[in-house]
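A.B. asks:
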Amino acid sequence: MSVKLNVAQRNDIKTNEYWTKYLLGMITLETQNFVFSTLGNQVTIPNNSGTTTISFRRYNHLPIARDTDGTVKKIAEGIAPEPLKIEAQKVQGTINQYGAYIKETDWTKKIHMDDIKNIYMPELARHAAEVRERVIMENFADASEWYVGNAADADDLKPTDVLTLKEVRKVVLSMKNYRRKGHTKFGGKPVLVVHINVMQDLLDDADLKDRILTPGNDNTPIKTGTLEKYLMYGFYVIETLIAEVEKNAAPTPFNVYTSYLLGKDPYAVISLGSSNIEWQHVPFKASHSQPLAQWASFGYKMWVGAKITDPLAITKIYSASAYDIDVDFSSDNLGRAASQEE
2 MSVKLNVAQR NDIKTNEYWT KYLLGMITLE TQNFVFSTLG NQVTIPNNSG
52 TTTISFRRYN HLPIARDTDG TVKKIAEGIA PEPLKIEAQK VQGTINQYGA
102 YIKETDWTKK IHMDDIKNIY MPELARHAAE VRERVIMENF ADASEWYVGN
152 AADADDLKPT DVLTLKEVRK VVLSMKNYRR KGHTKFGGKP VLVVHINVMQ
202 DLLDDADLKD RILTPGNDNT PIKTGTLEKY LMYGFYVIET LIAEVEKNAA
252 PTPFNVYTSY LLGKDPYAVI SLGSSNIEWQ HVPFKASHSQ PLAQWASFGY
302 KMWVGAKITD PLAITKIYSA SAYDIDVDFS SDNLGRAASQ EE
């Protein structure tokens with residue numbers, strides 16, 4: 002027997018269950034467009050654990066014992082060497098609750114030509130996915146940092162300090178020198194997450210034109226306008242619709258873009274329990290607070306957090322862009338204005 006929506010809506014519980022599954026399905030689809038939600042290790046704090054904090058342990062490499070002359074220490078006959086000592090770094094991450102809802106009056110329900118709930122369900126899913134993405138990025142403060150052009154900080158950058166493939170190779174090399182492997186989702190290769198403007202800077206790179214896209218080779222990046230799924234110098238590049246952008250305080254202000262080089266297991270995305278995101282629906286129903294049933298609401302709430310587990314496996318790269326636009330990011334330094342004017 003098939004149960005249609007109009008039948009399920011006769012029962013508030015069935016209605017909530019229907020919309021919960023509907024919203025969660027759309028959030029899963031939206032999350033695919035927000036890369037940081039999928040590139041971290043997914044960890045869960047069990048329900049009813051009595052805490053919003055989870056602890057991780059990052060174990061250090063075992064040291065190589067050496068003699069005073071620098072050579073590897075030998076074992077003397079009949080004498081056991083000193084036992085190795087294990088060391089670990091304790092890392093703690095926390096979660097917080099986030100949510101949003103839309104309130105609808107009976108006038109809107111009865112008179113407006115469109116069904117507000119059906120229209121805004123996809124937008125609520127996108128909203129939830131973006132909130133999750135932003136929360137994750139807000140917890141990247143412990144990442145390693147790299148400034149293009151040997152700048153001391155973001156204010157020391159110049160408008161000409163755009164990101165190049167050679168600059169990325171330096172950061173990749175630094176990560177490898179610290180014995181950090183590449184990201185598991187990219188076949189063990191490092192992956193660079195860039196703003197869409199910075200992607201265009203890389204497409205203009207001389208190395209790409211002279212060494213990679215030589216006559217007879219695949220010119221797909223030029224045709225598609227992106228370097229995604231294209232392996233160069235041992236690393237991949239992907240875009241994000243949300244990348245941190247801030248104003249440089251130079252005499253002639255310009256935007257500073259943040260790119261993120263990710264190695265193996267750089268951070269954890271933390272959630273709570275199996276049903277981390279919940280759909281909440283308050284129908285048009287008379288009660289003491291609204292005796293005439295004049296409004297309803299629908300929305301979501303979720304628990305999310307993130308924590309860098311290996312600062313050497315994630316590097317924030319700061320650069321200018323040749324495709325910079327004059328937009329005020331003071332009210333929103335992580336969002337749509339990064340590539341589109343209001």
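Just so we're aligned, residue 2 is where the sequence shown starts under my numbering, counting upward by one.
We put the CB at the ideal spot given by N, CA and C, even for glycine.
Which term fits K86, buried or exposed, when burial requires 16 or more other beta carbons within 10 angstroms of its beta carbon?
C.D. replies: Stepping through the sequence shown from its first residue, residue 86 is reached at position 85. Result: exposed.
A.B. asks: Just how far apart, CA to CA, sit G320 and E245?
C.D. replies: In the sequence shown, residue 320 corresponds to position 319, counting from 1. In the sequence shown, residue 245 corresponds to position 244, counting from 1. Looking at the sequence itself, residue 320 is Ser, so the reference to Gly does not match. About 11 Å.
A.B. asks: Could you name each continuous beta strand (DSSP E) segment of 3 residues or more that falls completely within the stretch 176 to 214, going from the start of the chain to the end?
C.D. replies: With a minimum length of 3 residues, the continuous beta strand (DSSP E) runs that stay inside the stretch 176 to 214 are 192 to 196.
A.B. asks: Which residues in the same chain as D208 place their Cβ atom closer than 6 Å to its Cβ, once the five residues preceding and following it in sequence are excluded?
C.D. replies: Against the sequence shown, residue 208 aligns to sequence position 207. These residues qualify, in order along the chain: L166.
A.B. asks: So, are the CB atoms of V270 and S56 less than 8 Å apart?
C.D. replies: On the sequence shown, position 269 is the one that residue 270 refers to. On the sequence shown, position 55 is the one that residue 56 refers to. For V270 and S56, no; Cβs fall outside 8 Å.
A.B. asks: Hey, quick one: how far does the beta strand (DSSP E) through H282 stretch, first residue to last?
C.D. replies: Within the sequence shown, numbered from 1, the residue matching residue 282 stands at position 281. From DSSP, the beta strand (DSSP E) with H282 extends over I278 to V283.
A.B. asks: Going by beta carbon distance, what residues of the same chain come within less than 6 Å of I46, once the five residues before and after it are set aside?
C.D. replies: Translated into positions along the sequence shown, residue 46 becomes position 45. Once the five neighbours on either side are set aside, the close Cβ partners of I46 are I55 and L273.
A.B. asks: Put A323 into one of helix, strand or coil per three-state DSSP.
C.D. replies: As a first step, residue 323 must be located in the sequence shown, where it is residue number 322. The answer is coil: DSSP assigns A323 none of H, G, I, E or B.
A.B. asks: Would Y258 count as contacting chain D if we go by Cβ distances under 8 Å?
C.D. replies: Of the protein chains in the structure, only one exists, and it is not chain D.
A.B. asks: Can G306 and G100 be called in contact, C-beta distance under 8 Å?
C.D. replies: By 1-based counting over the sequence shown, the position of residue 306 is 305. By 1-based counting over the sequence shown, the position of residue 100 is 99. In this structure, G100 does not lie closer than 8 Å to G306 by Cβ.
A.B. asks: What is the DSSP secondary structure of A101, reduced to helix, strand or coil?
C.D. replies: Within the sequence shown, the letter at position 100 stands for residue 101. Residue state, collapsed to three classes: strand.
A.B. asks: Going by beta-carbon coordinates alone, are L63 and G300 separated by less than 8 Å?
C.D. replies: Here residue 63 is taken as the residue at index 62 of the sequence shown, counted from 1. Here residue 300 is taken as the residue at index 299 of the sequence shown, counted from 1. No.
A.B. asks: Can you give me the C-alpha to C-alpha distance between R180 and H282, rounded to a whole angstrom?
C.D. replies: As a first step, residue 180 is located in the sequence shown; it is residue number 179 there, counting from the start. As a first step, residue 282 is located in the sequence shown; it is residue number 281 there, counting from the start. Going by the C-alpha atoms only, they are around 50 Å apart.
A.B. asks: Looking at the strands, I want to know which residues DSSP matches up with E146.
C.D. replies: As a first step, residue 146 must be located in the sequence shown, where it is residue number 145. In the DSSP output, where bridge partners are listed per residue, E146 has K317.
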